[in-house]
Every structure is written in C-alpha cells, then in structure tokens.
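In my numbering, the protein residues as written are 5 to 401. Here's the structure we're looking at; comments come further down.
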C-alpha cells in the first residue's frame, strides 16, 4: 500500500489543482447529474438520487481517465489518490511460551529467582488467616486526626470542644489530640459520677491529664438522675443501665455544648463503635469521633506518639465485652478486621481455631450494633495501617 508520506510528497505544491479536481469529482459532478435527472423527470426525487449515484460511479472514472490522458502529472497524482484496498492484516500471533519440562532424574532443578517482598495494604483473601491486625503508623495517624478535628471545627462553625475525660486510655488520647488541634484553652473536660464502682485510679489519671493540658476537670453527678429512673418498679438490668448512662452523659454533653457554643467529641474507638450502642446513636450528627476508625488494640500506639505517660498506656485493660464474649481484645479486633476489612466469610473464620460459639456470639453482637448504628463523623485510618511482614511468596509470615 502507498504510504501517507508518498501521497504527501506527490501532492506538495499542487494544492489548488487537487482541491479543484476533488470539488469537480465529488461535489459538482453529482449535483449537476442530480439536477439534470430532476429536470427530465420532475417529482421523482428518489429516482433521480438513485440514478445520480449510478451515473456518478460511471462518469467519474471516465473524467478521471480524461484528466489522466491530458495531464501526465495528473495521471501520477490520480494513481496516488486511487489507493488500493488495504490487504487484510494477519491476526497478531501470540508469542509461544515454551513448556517447562521437568528436570530429568538426577538433574537438580534450576534455582528460582527470588522476588522482592511486596507489602500490600490489604491481605489477599487466600492469605493465611491471622488474628493479628496491622499496626498503626501512629505518627501519620496522629497528624491526620489533628487535621480532621480542625476540619470539623470549620465545618461545624464551633471553635470550642467539649468531651468526657473518664481516665481511660481512649479518652486521654482523644483529649491530647483535641488540645493539639484546637488549643488547650478551647477544650472543656468533664468527669461523670455515675454510681458505678468508683475507680480512684481513673479519676486521678483524669485529673493528671487535665492538669497537664492546663485545664480544670469539671465533675457532673448523674447518680440522682439514675436513682430516680431505676426504682423498684423499673428494676436494674445491667445492660439497660449502661445504655441509660451513655444516654445521660450524651444529653449532658449536648446541653453543655450549646451553652459553650462547642462541638461534642467522643472517645469511642472502632471496636466499641462496631459492637456497642455508643453515644453516637444519640445526637450523632453533633458528635465527632476521632478514634472512630482505630481499633481498641491500636490505641496504645497512638497514645505513645501523643506522649501519654507509660503508666497510663501500658496497663491497658481488656475490652469490656471480652468477658461476655470469652475473647481477648486482640482476638476481638482480629476477628473484626478479618470480617470487615479483609471480607473473610464467617465459615472460613472457623479455620482460626476459635470456638465456633464465640465467633458466632461476636457476629451476632456486630449485627445487633449495626441495626442501630448511624453515620457519624470519624477519620478513616485504613491508609495508615502498617502491614505485617510478608514472605517472598506473598503470604504473611
């Protein structure tokens, strides 16, 4: 076939001739023939159009022949323009891959080339199951959470924040993040007295953290309210009482937030958010959860980069549902991570060697909490997970 460069070389310097020729052949000639037939047989436009097409196909080559006969250069030009039909290009041949023959008996197999280990963010579904969850890039996560709190301040239009400082690691970590994001003078801290067995250690830790942040720890007594609710008529169901305490705390915080023109910040982490009716179900649109996508067992890593004292971080107690489920906090987080982040089926989770009843109990707890969960504000932490070591074949070590 004639290449485009050949045609370009032939047509160079003859633009006017080519335009005139193409105009005569492609436009003027069909129009003249059409109107000729239309004049001969008025009212038969469709027939005239059909005859125009046939006549153009017969007359155009005749005119081309005349031009070729009268102009040698035109002949060469027309030869170039009348491109031959493109030949059917053969189907591309896929490269043949030689079959790998097994080594002959007695001949050692060639050594395999080792690939550099790759650490994907998420495990492959076919990877060995494990109850370990990825660690947290705590420094990056802290920076992201501080920025998240600052964004929430702008979105909500409230420069101040209010939260419960219970003395637990979650609340201590959240208060430190909040003070760094908004400034200590913009944070109000409250400790609620709810009639539960008093934990003097938590109370003193809450005082210590508030003092380090340069804030006074305010105390709110919920005991009169709870005593009025739980009379002999209503009884005292522990689970329902716990939910009522959460409700009363959140109601207090929302009212105080309106009085101080502040946003409510909760210390609920991902494990609690997935398995319990957290305060997020009460006034969730007005509540911020900095730790909402951080698993319980990941909080200590975040706390350390917040310079929280070791005596607060290290003796971290088990998740409060651990005893009920018969699982340790690390096992609960590992199962949640496999279910929700890796999308492992419930049937395959049985391969982890845990008691089937415990896994099903956790699953039912997850479903029950999901029925009442609504969307609240938290920062996604998946991008800050640090994958565990992987072997060269792509499986977890």
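Glycine included, each C-beta is placed from N, C-alpha and C at the ideal position.
Measure the beta-carbon distance from residue i to residue j and round it to whole angstroms, keeping in mind my assumption that it falls under 8 Å.
i: residue 193; j: residue 179; result: 6 Å
i: residue 269; j: residue 304; result: Not really, about 20 Å apart at Cβ, beyond 8 Å.
i: residue 306; j: residue 169; result: Between residue 169 and residue 306 the Cβ distance is about 16 Å, and since that is not below 8 Å, they are no contact.
i: residue 217; j: residue 356; result: At roughly 41 Å, the Cβ-Cβ gap does not stay under 8 Å, so residue 217 and residue 356 are not in contact.
i: residue 342; j: residue 353; result: 6 Å
i: residue 290; j: residue 258; result: 6 Å
Got a sec? Which residues, its chain only, sit under 8 Å from residue i by beta carbon, not counting five neighbours each side?
i: residue 384; result: 297
i: residue 186; result: 153, 154, 157, 163, 164, 165
i: residue 329; result: 336, 362, 365, 366, 369
i: residue 3; result: With the chain running from 5 to 401 in the structure shown, residue 3 is simply not present.
i: residue 256; result: 194, 196, 224, 226
i: residue 31; result: none
i: residue 230; result: 198, 199, 245, 248, 249, 252
Keeping to the same chain, check which residues put their C-beta closer than 6 Å to that of residue i; ignore five residues upstream and five downstream.
i: residue 128; result: Below a pLDDT of 50, predicted positions are generally treated as unreliable, and residue 128, at 41, falls in that range; the measurement from the model is reported next regardless. Nothing meets the Cβ criterion.
i: residue 160; result: 267
i: residue 143; result: 309
i: residue 386; result: none
i: residue 95; result: Residue confidence for residue 95 is low, a pLDDT of 48 falling below 50, so the modelled location carries little weight; the figure read from the coordinates is stated next. Nothing meets the Cβ criterion.
Considering just the uninterrupted stretch of the beta strand (DSSP E) at residue i, what are its terminal residues?
i: residue 190; result: Counting along the chain, residue 190 falls outside any beta strand (DSSP E), and DSSP gives it neither H nor E.
i: residue 223; result: 221-225
i: residue 167; result: 164-168
i: residue 384; result: Taken as a continuous stretch (DSSP letters only), residue 384 belongs to no beta strand (DSSP E), as it is neither H nor E.
Are the CB atoms of residue j and residue i within a distance shorter than 7 Å?
i: residue 316; j: residue 204; result: no
i: residue 252; j: residue 226; result: yes
i: residue 149; j: residue 181; result: yes
i: residue 176; j: residue 213; result: yes
i: residue 280; j: residue 373; result: yes
i: residue 171; j: residue 219; result: no
i: residue 173; j: residue 338; result: no
Please list, in chain order, all residues of the same chain as residue i whose beta carbon is under 7 Å from its beta carbon, the five residues on each side excluded.
i: residue 152; result: 294, 383
i: residue 323; result: 275, 300, 333, 336
i: residue 318; result: none
i: residue 312; result: 176, 177, 180
i: residue 35; result: none
Taking only beta-carbon positions, decide if residue i is within less than 7 Å of chain B.
i: residue 338; result: The structure shown contains no chain B, having only a single protein chain.
Tell me which residue opens and which closes the alpha helix (DSSP H) that residue i is part of.
i: residue 251; result: 242-264
i: residue 152; result: 142-160
i: residue 270; result: Segment: none, residue 270 is in no alpha helix (DSSP H) and carries neither H nor E.
i: residue 205; result: 204-216
With respect to 6 Å, is the separation between the Cβ of residue i and the closest non-hydrogen atom of the ligand FAD below this value?
i: residue 184; result: This structure simply doesn't include the ligand FAD, nor any ligand for that matter.
Legend entry - Length at least 4, wholly inside the segment 298-373: the alpha helix (DSSP H) runs in chain order: 303-309, 314-317, 326-329, 333-340, 350-353
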